[in-house]
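Each residue of the sequence shown is one higher than the one before, counting from 14 in this note's numbering.
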Amino acid sequence: GVVEWLKSQDKKIFLDLKLHDIPNTVAGGLCSLMNLGANILNVHAAGGFTMMKTAADALRKEADLRGVERPKLIAITVLTSINQAEWCGALKISEQVVEFAKQAQSAGLDGVVASPQEAKLIREACGENFLIVTPGIRPAGAEINDQQRISTPAAALQNGATHLVIGRPIRAAANPREAAEKILTEIAGL
């Protein structure tokens, strides 16, 4: 499949399946996904602390049994397509994202997926060695599409993001290579 081919080309793989189920089911699913050799896997933080901890513990145990490097495990906080007006949580989105990040860290996860607008708050709450993967990255002048909580690549990195997810601004560009190079130029000086 595609993942195996990318691995054969020495590419890093973030398998963005967003698992969300009861703890045992998620743990079993992640252990099965290890067969693909992805470098990063994810779960929904809304699955709860117990689900995240069970998943992290199962991945560690499975990697040890196989004698392989454990994939990083990160948690989806609040999707970037959701804005405060449609959010129905008890906390503000930014507060909920930070709570999810702290829970994920306590459960033994390596990081979270969150809007670049919350990256600085997560960095302050969780420290330097915590991955912050940020979708919703839009270069200046790019279409927003269905993203609500967005930022430029440079601003996201300055606020503590460790990984940028940039899909449509590159993929849908008239010249994807040029669009990617422009983004790389923007962040090169950081």
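C-beta atoms are modelled at their ideal positions from N, C-alpha and C, and glycine is treated no differently.
In this text, all values refer to a predicted model and were calculated from it rather than measured experimentally.
Could you pull the DSSP bridge partners for residue i from this structure?
| i | result |
| --- | --- |
| K85 | I53 |
| T147 | L177 |
Please state whether DSSP places residue i in a helix, a strand or coil.
| i | result |
| --- | --- |
| D29 | strand |
| G124 | strand |
| S164 | strand |
| N172 | coil |
| K105 | coil |
| A114 | helix |
| I95 | coil |
| W18 | helix |
What does the alpha-carbon distance come out to for the pair residue i and residue j?
| i | j | result |
| --- | --- | --- |
| G124 | N96 | 22 angstroms |
| L144 | A132 | 10 angstroms |
| L86 | P129 | 19 angstroms |
| N142 | A187 | 37 angstroms |
| N37 | T67 | 7 angstroms |
| N55 | K74 | 17 angstroms |
| G102 | T93 | 15 angstroms |
| Q161 | E137 | 23 angstroms |
| K105 | D23 | 41 angstroms |
| E108 | N172 | 16 angstroms |
| R79 | I35 | 24 angstroms |
| L28 | D159 | 21 angstroms |
| G154 | A168 | 14 angstroms |
On the premise that residue j lies in contact with residue i, defined as a C-beta separation below 8 angstroms, what is that separation, rounded to the nearest angstrom?
| i | j | result |
| --- | --- | --- |
| I200 | P166 | 5 angstroms |
| A114 | A127 | 7 angstroms |
| G50 | V16 | 7 angstroms |
| I163 | G149 | 4 angstroms |
| A192 | I183 | 5 angstroms |
Tell me which residues share the same chain as residue i and place their Cβ nearer than 8 angstroms to its Cβ, disregarding the 5 neighbours each side in the sequence.
| i | result |
| --- | --- |
| A71 | A40, G41, L43 and C44 |
| K195 | P152 |
| L170 | L177, I200 and L203 |
| F62 | Q116, S119 and A120 |
So, for residue i: in the same chain, excluding its five sequence neighbours on each side, which residues have a beta-carbon less than 6 angstroms away from its beta-carbon?
| i | result |
| --- | --- |
| N52 | K25, I26 and P84 |
| C139 | A114 and Q118 |
| L197 | none |
Among residues of its own chain, excluding the 5 on either side of residue i, which ones have a beta-carbon nearer than 7 angstroms to its beta-carbon?
| i | result |
| --- | --- |
| L122 | M65, A69, L86, I87 and A88 |
| A59 | H33 |
| A117 | A58, M65, A88 and V125 |
| E82 | A76 |
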